[in-house]
Structure formats: C-alpha cells, structure tokens
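For reference, the structure discussed in these notes is given below.
Chains as they are written, first to last, in the working numbering: chain A, 1 to 150; chain B, 151 to 385.
Following this line, the structure appears as structure tokens:
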C-alpha cells in the first residue's frame, strides 16, 4: 500500500513537471521571435527623405512632361550634363538655362535626352515641350554647378 | 529514501536546466541589444558633428531661399513658401555676396542664400556651404514662345517683329533682334534671318524682356517650325 502511494506521487510529480516543463519551453520559444524583433527594430531605419517627395512633386508638376534626371536641386561638379525626361512622343523640347538654350526632340516613345552646359552656380532651368499642334508645356528645375568640395 | 532522491533528481532534470537556458539566453539577448544600440549610437555620433541622424549615402543637394529664422545651430529657409531647416556645424564655409569668406553672424533674416549639403533622414539639411546670393543674379526670365509672325519692320540694321502666341491669340509680343540673334530650324541648322523673320511664319522664339522697356523683348534665338525653302531649279 505504501509502495503504491509513493509510486502514485512520483508518477504524478513526473507528469506534472513534464507538463509544466513542456508548457514553459513552448512559451519560451514563442517569446523568442518577439525579442528578435526588438533587436532588429531599427532606431536608424532610413526614412524617406523629404527631398524625395519634393522631387516627385516638382517633376510631376505637369502630366505632359517629366524630368527623370538630374533630380531637382541637384548639386553637380561638372558643367556638362544631360536633361533626361519623358514627354508626348515626337515633341520639340527646348531647354533654357540663364545664358543658353538647347533644342532637342522626344523619340517615338516620348523619351528625350538633351546635353546641356550649365552656368557656374545656381541654374534655374526651364524645359518646354511643344507638340505637333503647337501646344506648349513648361517645367522648371534648379540645378547647381559647383566645383567646391563639400 | 531512494524515491525521494529520485524525485529530487527528476526535479533537477526538468527545472534547473530549463531555467538556466532561459536566463542565459535572455541575458545574452539583452547584452546584444545593448551593445548593438551603443555601437549604432557611436557610429552616428562619430560620423556627424551634429546629433541629427545623417544619411550620407545620398547625393549633395543645393537649396536657394530666403532666411526666415537664424540661430547658432540652425537656419530656417523659405523655399517657394516651404520651410527647410539647415543644420549648422563648424565645418561650414560661409561666402558673402562678393565671393569672400564670411561668417554666420554676417547673415541676416530676409537675406537670400544658396545652401549646399546633404539631406538628413529627418529632412533637414546637413549644411556644408552657404553662399549669399541675390535673387536677381539667379533668376531666369527667359521665355519660350511659340507663335506666328504678323508684322515685320526694319529698325536701323535689325528687324523688329510682332509675334502672336498660339496659346494666347489675344496677346502679342514686340520682339527686337540684333546681329547675335540666331535663326535656325528645328534640327538646329542655321538659316538666314531673312528666311525666318517673315510674315505668317510659325516660329519658336526664345526671348528676354528688354531692360529699357517691359513692352519689348529681345530674341536670342528664333527657331523656324517650317522646313527651309528648297532651291528651285530653273526650267
């Protein structure tokens, strides 16, 4: 009788401990990924800078003509660059810097790439797209040319 | 006695190791978190002179605007009715309007400047160079007008003409030319001015307002929208 009683206690204890141990192990495993999330939770995740949103606003100010390169407010160290963009197909493209003007044409897909020469310092560049029916669309971007190291 | 020892052994087997693993694991995780956070803080602090989080992978930018607020640590710039914060540091080069080196105390509210630097993650500018720049010196008042020439007259040596723009047929531009005015076709082939500046000709004109009169414009380039006349052979 005493033996059975002890045996029952031991079996009960083993079962109880087993279940508790299993439960705790499961709980620990389920908590681990949360801790990992905390580790990798970045205080330094790069957020989208304001300039990007400004860029979109500036370049999409007209649906008819979009400048893809250079980005508005770019600071370039070379006076030679190209204005790359998209307009309706086969449009005449006129680019005007403070002292120069450049002529080009968009291709059958509407893409254009026109080499220009920048003035030293800030350049307010006006880009005009003129279609076959002489409808005109204008956009402008600021580009700075400076050889100063920053 | 045997059973009690056995019971204690079972307890040891199940509980002690589990607790030990748990505590060491969480301790090591906490340590890693702390060391990683400290390291990242060091990197950020070490690379930048100001505590703002700077992303240096971006390309340099320049911004032109007028100063609306100025302090020892930052300048607030008004750029086309939007404000932009320039973070200041000891590395900044200040240039005055005469292109001479200057200092922050020489810059005042209302002054227009060209600021160069990198965009921080918070949208402010990690400024590197500030140049006093007058608005007049950077404005581009050149216009591109597409229209039809309606009236040509000769003034001394160069022709003057009136252009009716296609986009506003009620408006008109009085345009002067001179020896420097380029006359080309759309493929940039040079043309004689007498072939381009004629009545009813459709042209694109690149003009600037005359300094003496706001009513008259000066044409730097006239682009013919019609193909050049081909020479006819005699019968």
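Quick reminder that beta carbons are idealized off the backbone N, C-alpha and C, glycines included.
Kindly list, in the order they appear in chain B, the residues whose Cβ is closer than 8 Å to that of residue i.
i                     : result
residue 108 (chain A) : None at all; the shortest Cβ gap to chain B is about 16 Å.
residue 139 (chain A) : In chain order: nothing, as chain B lies at least about 12 Å away.
Would you kindly work out how many angstroms separate the C-alpha atoms of residue i and residue j, rounded to a whole number?
i                     : j                     : result
residue 331 (chain B) : residue 351 (chain B) : 17 Å
residue 296 (chain B) : residue 144 (chain A) : 28 Å
residue 360 (chain B) : residue 323 (chain B) : 12 Å
residue 107 (chain A) : residue 340 (chain B) : 23 Å
residue 20 (chain A)  : residue 2 (chain A)   : 27 Å
residue 92 (chain A)  : residue 325 (chain B) : 22 Å
residue 23 (chain A)  : residue 8 (chain A)   : 22 Å
residue 354 (chain B) : residue 337 (chain B) : 13 Å
residue 124 (chain A) : residue 141 (chain A) : 6 Å
residue 375 (chain B) : residue 334 (chain B) : 9 Å
residue 305 (chain B) : residue 139 (chain A) : 34 Å
residue 272 (chain B) : residue 329 (chain B) : 52 Å
residue 314 (chain B) : residue 229 (chain B) : 34 Å
residue 149 (chain A) : residue 235 (chain B) : 21 Å
residue 249 (chain B) : residue 231 (chain B) : 27 Å
residue 132 (chain A) : residue 105 (chain A) : 11 Å
Are the CB atoms of residue j and residue i within a distance shorter than 8 Å?
i                     : j                     : result
residue 283 (chain B) : residue 308 (chain B) : no
residue 127 (chain A) : residue 83 (chain A)  : yes
residue 270 (chain B) : residue 358 (chain B) : no
residue 102 (chain A) : residue 86 (chain A)  : no
residue 118 (chain A) : residue 97 (chain A)  : yes
residue 147 (chain A) : residue 69 (chain A)  : no
residue 294 (chain B) : residue 356 (chain B) : yes
residue 220 (chain B) : residue 259 (chain B) : yes
residue 64 (chain A)  : residue 88 (chain A)  : yes
residue 281 (chain B) : residue 245 (chain B) : yes
List, in chain order, every chain A residue whose beta-carbon is nearer than 8 Å to that of residue i.
i                     : result
residue 209 (chain B) : 71, 74 and 75
residue 264 (chain B) : 121, 122 and 144
residue 267 (chain B) : 150
Kindly list, in the order they appear in chain A, the residues whose Cβ is closer than 7 Å to that of residue i.
i                     : result
residue 316 (chain B) : 134
residue 371 (chain B) : 101
Who are the neighbours of residue i on chain B, taking C-beta pairs under 9 Å?
i                     : result
residue 126 (chain A) : 290, 292, 293 and 294
**Report entry** Segment contact flag, the region 277-287 of chain B with the region 297-304 of chain B, C-beta cutoff 8 Å, min 3 pairs
**Finding:** no
Requested in this report: Check whether the region 364-375 of chain B touches the region 331-351 of chain B, counting contact only when three or more Cβ pairs, one atom from each stretch, lie closer than 8 Å.
Outcome: yes
Query raised in the report: If we count Cβ pairs, one from each stretch, closer than 8 Å, do we get three or more for the region 242-257 of chain B versus the region 313-324 of chain B?
Result: no
Query raised in the report: For the region 207-223 of chain B against the region 258-269 of chain B, are there 3 or more C-beta pairs whose distance is under 8 Å?
Result: yes
**Report entry** Complete runs of the beta strand (DSSP E) confined to the region 65-128 of chain A [at least 3 residues]
**Finding:** 66-69, 74-76, 80-86, 92-96, 101-105 and 111-117
Requested in this report: Closer than 8 Å, Cβ to Cβ, to anything on chain D: give me those residues from the region 340-371 of chain B, in chain order.
Outcome: No chain D is part of this structure, whose protein chains are labelled A and B.
Report task. Tell me the start and end of each unbroken beta strand (DSSP E) in the region 241-311 of chain B that is at least 3 residues and wholly inside, in chain order. Result -> 243-245, 262-269, 275-282 and 293-305
Query raised in the report: Enumerated in chain order, which unbroken segments of the beta strand (DSSP E) with a length of 3 residues or greater are wholly contained in the region 327-374 of chain B?
Result: 332-335, 352-359 and 366-374
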